[in-house]
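Novice: Dropping the structure in here first, questions after.
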Amino acid sequence: MGEEALLGVVSGKAVAAMTEEEAALELAHLAAEIERHDRAYFERDEPDISDAEYDSLRRLNAAIEARFPALARADSPSTRVGAAPSQKFAKVAHRVPMLSLGNIFSEEEAREFLDRIRRFLKLSAEAALEMTAEPKIDGLGLSLRYEAGRFAVAATRGDGVEGENVTPNALTVADIPQRLKGGPRGAFEVRGEVYMTHADFSALNEQQAAAGERAFANPRNAAAGSLRQLNPAITASRPLRFFAYSWGEAEALPGATQFDVVQAFKAWGFQVNPLMRLCRSADELLAAYREIEAQRATLGYDIDGVVYKVNDLRLQERLGFVSRSPRWAAAHKFAAEQATTILKAIDIQVGRTGALTPVAKLEPVTVGGVVVQNATLHNEDEIARKDVRVGDWVRVQRAGDVIPQILGHLPERRPSGAVPFQFPTECPVCGSAAVREAHPKTGKLDAVRRCTGGLICPAQAVERLRHFVSRNAFDIEGLGEKQIAAFFEEGRIRTPADIFTLAERDKTSLKKLKDKDGWGARSAANLFKAIEERRNISLPRFIYALGVRHIGETTAKLLAKTFRTFAAAQAALEAAADPDSEAYQHLISVDGIGEAVAQAGAQFFAEGHNREAVARLLEQVRVEDYAEERARDSAVAGLRVVFTGALERMTRDEAKAMAERLGAHVAGAVSKTTDYVIAGADAGSKLKKAQSLGVKVLTEDEWLAMTRTVSVED
Ligand code: IVH
246 MGEEALLGVV
256 SGKAVAAMTE
266 EEAALELAHL
276 AAEIERHDRA
286 YFERDEPDIS
296 DAEYDSLRRL
306 NAAIEARFPA
316 LARADSPSTR
326 VGAAPSQKFA
336 KVAHRVPMLS
346 LGNIFSEEEA
356 REFLDRIRRF
366 LKLSAEAALE
376 MTAEPKIDGL
386 GLSLRYEAGR
396 FAVAATRGDG
406 VEGENVTPNA
416 LTVADIPQRL
426 KGGPRGAFEV
436 RGEVYMTHAD
446 FSALNEQQAA
456 AGERAFANPR
466 NAAAGSLRQL
476 NPAITASRPL
486 RFFAYSWGEA
496 EALPGATQFD
506 VVQAFKAWGF
516 QVNPLMRLCR
526 SADELLAAYR
536 EIEAQRATLG
546 YDIDGVVYKV
556 NDLRLQERLG
566 FVSRSPRWAA
576 AHKFAAEQAT
586 TILKAIDIQV
596 GRTGALTPVA
606 KLEPVTVGGV
616 VVQNATLHNE
626 DEIARKDVRV
636 GDWVRVQRAG
646 DVIPQILGHL
656 PERRPSGAVP
666 FQFPTECPVC
676 GSAAVREAHP
686 KTGKLDAVRR
696 CTGGLICPAQ
706 AVERLRHFVS
716 RNAFDIEGLG
726 EKQIAAFFEE
736 GRIRTPADIF
746 TLAERDKTSL
756 KKLKDKDGWG
766 ARSAANLFKA
776 IEERRNISLP
786 RFIYALGVRH
796 IGETTAKLLA
806 KTFRTFAAAQ
816 AALEAAADPD
826 SEAYQHLISV
836 DGIGEAVAQA
846 GAQFFAEGHN
856 REAVARLLEQ
866 VRVEDYAEER
876 ARDSAVAGLR
886 VVFTGALERM
896 TRDEAKAMAE
906 RLGAHVAGAV
916 SKTTDYVIAG
926 ADAGSKLKKA
936 QSLGVKVLTE
946 DEWLAMTRTV
956 SVED
């Protein structure tokens with residue numbers, strides 16, 4: 246996938262263009278999103294996005310972390326393998342973690358994988374290096390613990406560290422032996438894949454349909470849903486199978502190579518995959534890959550690639566692991582499946598952040614067993630590059646659960662009269678201009694065209710309104726995302742000004758807010774009160790609340806400081822529409838304001854809808870002119886102070902932050918140079934020291950009185 250796949254979800258920016266603030270927001274957003282998808286996938290067995298979309302979220306997360314290592318979060322998805330185990334099953338800690346495999350997508354990458362292994366082991370190109378190749382089963386990993394040769398515990402992979410105890414369910418799977426024939430007497434964990442055959446999957450889905458139950462999306466989900474049943478009787482009725490291919494904790498191994506251990510599994514009574522091959526060179530490995538791929542369609546169960554493993558277990562040990570996967574193994578994924586069909590139309594969808602995305606509407610076609618009628622075209626340049634036109638025969642590709650892609654068109658089958666696609670320059674939802682930003686330095690156009698009707702575009706309105714009332718903007722309590730979405734849906738709030746006329750309109754409304762679900766008279770009154778309290782707003786907050794692209798809190802403050810009144814700021818941004826104008830030059834000469842801000846601001850106010858929405862808002866609220874922070878003439882500026890004892894009106898941190906904001910220096914220890922010690926209750930040694938040195942001691946209230954002589958509101 247190309248670069249454009251890695252645009253930030255929140256900022257819509259390429260990773261290289263993100264500010265630290267934006268990157269932190271992206272990472273927070275990604276941690277929550279990926280966690281949500283993990284839950285859907287691992288806990289409910291109902292993935293809510295395609296594997297490709299999921300992978301690109303993870304890649305975006307990794308790319309941002311690579312650029313801003315300091316921002317990596319403790320709950321970063323990069324440190325997690327899957328979802329935490331579901332609450333309904335008891336947990337099992339894996340004594341040896343269950344990790345995942347790195348992916349290989351081409352023969353070239355397969356050769357590089359082998360070269361890397363050789364380099365790591367300092368093996369020459371000629372030295373023997375035996376590898377195994379075997380199908381990568383598309384099911385779910387399971388760890389089976391045997392004690393004294395008897396089946397003891399079955400655990401799912403979970404997050405790789407801790408899985409779910411599904412022992413009673415595993416007991417019902419015929420391929421899982423209860424006792425190991427001639428197997429080890431010590432503890433031994435056999436690992437492998439639970440899966441369902443195509444035939445069993447179809448039969449199960451027919452049964453589900455007959456019983457009025459939901460059909461499973463694919464055999465893997467069916468297998469997962471069947472194994473993770475709280476009632477083992479249901480699992481027993483589902484035809485699950487198991488292939489053994491690896492191990493966890495083992496007191497002693499039954500062989501010195503991967504191949505021999507797996508042969509031992511077979512002798513113990515497990516099913517092992519008959520297509521496992523021993524290979525002595527890259528060519529042999531790739532031949533095995535092709536052999537397995539050739540059989541894919543007739544195997545009767547899903548495989549999604551070929552797993553390569555170093556055969557010699559001592560070498561495996563030397564190679565070890567890198568973060569989530571072993572260095573000694575990798576999964577060579579199969580190429581996507583393709584088909585050709587007719588492109589009937591190109592629809593333009595508008596996302597929450599205003600991005601216009603083209604979607605191909607196709608004559609339905611089966612690609613790798615799945616009927617496809619929509620495919621992504623990514624963006625405008627992609628359509629132009631591939632020159633796909635409505636009416637064309639196009640090649641469609643699907644890989645796993647990925648959203649299908651259009652690879653290109655068939656020139657020989659182009660109908661006469663097919664015309665190049667005109668990407669709209671107006672938002673199809675609200676009619677505002679849709680523009681592509683130019684990169685301020687390189688002048689390169691952004692791949693994404695965006696709607697500029699932020700405040701009025703229904704596709705973006707909920708997101709904008711949510712931003713408008715958020716904590717650092719208008720900060721209206723009681724108006725959360727849910728309420729905003731509901732009010733928008735009902736038509737009560739469409740633009741920011743509507744928030745401030747809500748109470749008035751409610752009086753004359755037939756359907757009163759207090760009679761609605763979830764609203765009592767008290768909560769409705771509280772909301773109206775919270776809204777009233779925000780009719781006066783500081784200039785930086787107001788500018789920030791408008792949600793203009795590239796105008797975050799810091800920039801909003803800078804604009805406020807520079808222009809002092811909203812009217813002046815708006816006039817400057819409007820006048821900046823012409824890059825040759827004086828207004829534009831003045832704007833970008835402000836330290837911290839660049840061309841991106843100037844352009845975004847100018848575009849925002851060039852839009853009549855936006856000017857009108859702002860004008861209507863200004864009829865409802867009063868924007869305070871900007872008052873310069875007066876920290877420098879604060880009564881406490883320059884003083885050296887020490888806080889000690891328990892403060893009553895604020896926490897120690899707050900007190901410190903406030904003092905520093907006012908220009909005071911807060912020290913941790915009392916010395917002769919200390920001007921004041923502010924002593925709360927139970928002050929101890931510092932108070933004594935102050936007294937002995939003759940440093941002035943203030944109570945908390947005395948200190949506050951001293952600070953109150955200044956105002957530092959934004
Ligand atoms: S070996 C240390 N062999 O693929 C790695 N895994 O993406 C041990 N899988 O979690 C895994 N077929 O659930 C291995 N023949 C095979 C496999 C296989 C499917 C799954 C397994 C693993 C995932 C890794």
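Under our numbering, the letters of the sequence shown match residues 246 to 959, in that order.
Don't be surprised by glycine CBs; every beta carbon is placed ideally from N, CA and C.
Being a predicted model, the structure only gives us computed values, none of them experimental.
For the ligand IVH, which residues count as neighbours when the test is a C-beta closer than 5 Å to any heavy atom?
Specialist: L344, S345, L346, E379, K381, I382, G386, E438, Y490, S491, V552, P571
Novice: Whole alpha helix (DSSP H) runs in the stretch 711-745 with 4 or more residues, listed along the chain?
Specialist: 726-735
Novice: Can you have a look at A476 and say buried or exposed, based on whether 16 or more other CB atoms are within 10 angstroms of its CB?
Specialist: Ala is not the amino acid found at residue 476; the sequence shown has Asn there. Answer is exposed; the Cβ neighbour count stays below 16.
Novice: Mind checking E271: buried by the 16 CB within 10 Å criterion, or exposed?
Specialist: buried
Novice: Quick one: any contact between the stretch 668-681 and the stretch 708-718, if contact means 3 or more CB pairs under 8 Å?
Specialist: no
Novice: Leaving out the 5 sequence neighbours to the left and right, which residues in its chain are closer than 8 Å to M960 when beta-carbon positions are compared?
Specialist: There is simply no residue 960 to check, as the chain begins at 246 and stops at 959 in what is shown.
Novice: What does DSSP give as the partner residue(s) for Q642 in the beta ladder?
Specialist: Q583, Q650
Novice: By DSSP, does V940 sit in helix, in strand, or in coil?
Specialist: coil
Novice: Identify which residue in G925, F733, P656, R634 has its Cα closest to the Cα of A900.
Specialist: G925
Novice: Taking the straight line between their C-alpha atoms, what separation do you get for Y546 and H443?
Specialist: 5 Å
Novice: I'd like to check one pair, T919 with R885: are the Cβ atoms closer than 8 Å?
Specialist: yes
Novice: Whole angstroms is fine: what's the gap from W948's alpha carbon to A882's?
Specialist: Roughly 13 Å separates the two Cα atoms.
Novice: Could you give the DSSP three-state label for G846: helix, strand or coil?
Specialist: helix
Novice: From A338, A730, L560, pick the residue whose C-alpha is nearest to that of A373; which is it?
Specialist: Comparing Cα-Cα distances from A373 to each of A338, A730, L560, the minimum goes to L560.
Novice: Looking at A432: is its Cβ nearer than 8 Å to the Cβ of E407?
Specialist: no
Novice: For T621, write down the residues that DSSP places opposite it in a beta bridge.
Specialist: Beta-bridge pairing by DSSP links T621 to V604, Q650.
Novice: Taking just the CA atoms, how far does L531 sit from E352?
Specialist: 7 Å
Novice: Measure the alpha-carbon distance for I421 versus V707 and round it to whole angstroms.
Specialist: 52 Å
Novice: DSSP three-state label for L949, please.
Specialist: helix
Novice: Hey, quick one: how far does the alpha helix (DSSP H) through L832 stretch, first residue to last?
Specialist: For L832, the uninterrupted alpha helix (DSSP H) segment begins and ends at 827-834.
Novice: Can you check which of these residues, G405, R794, G939, Y534, is closest to S570 by C-alpha distance?
Specialist: G405
Novice: Under the DSSP definition of a beta bridge, which residues are partnered with H577?
Specialist: H577 is bridged to I349, V551.
Novice: Pull up the CB-CB distance for G636 and A605, whole angstroms please, since I reckon it's below 8 Å.
Specialist: Between A605 and G636 the Cβ distance is about 12 Å, and since that is not below 8 Å, they are no contact.
Novice: For A909, I'd like the list of residues in its chain whose CB is within less than 6 Å of its CB, leaving aside the five on either flank, ordered along the chain.
Specialist: V881, L884, V886
Novice: Pair every Cβ in the stretch 514-530 with every Cβ in the stretch 298-318, then say whether three or more of these pairs are closer than 8 Å.
Specialist: In the pairwise beta carbon analysis, the stretch 514-530 is classified as not touching the stretch 298-318: fewer than three pairs are separated by under 8 Å.
Novice: Can you grab the Cα-Cα spacing for the pair R861 / D743, in whole Å?
Specialist: 9 Å
Novice: Taking the alpha-carbon of P703 as reference, which of L544, A790, E735 has the nearest alpha-carbon?
Specialist: Between P703 and the set L544, A790, E735, the nearest pair of CA atoms involves E735.
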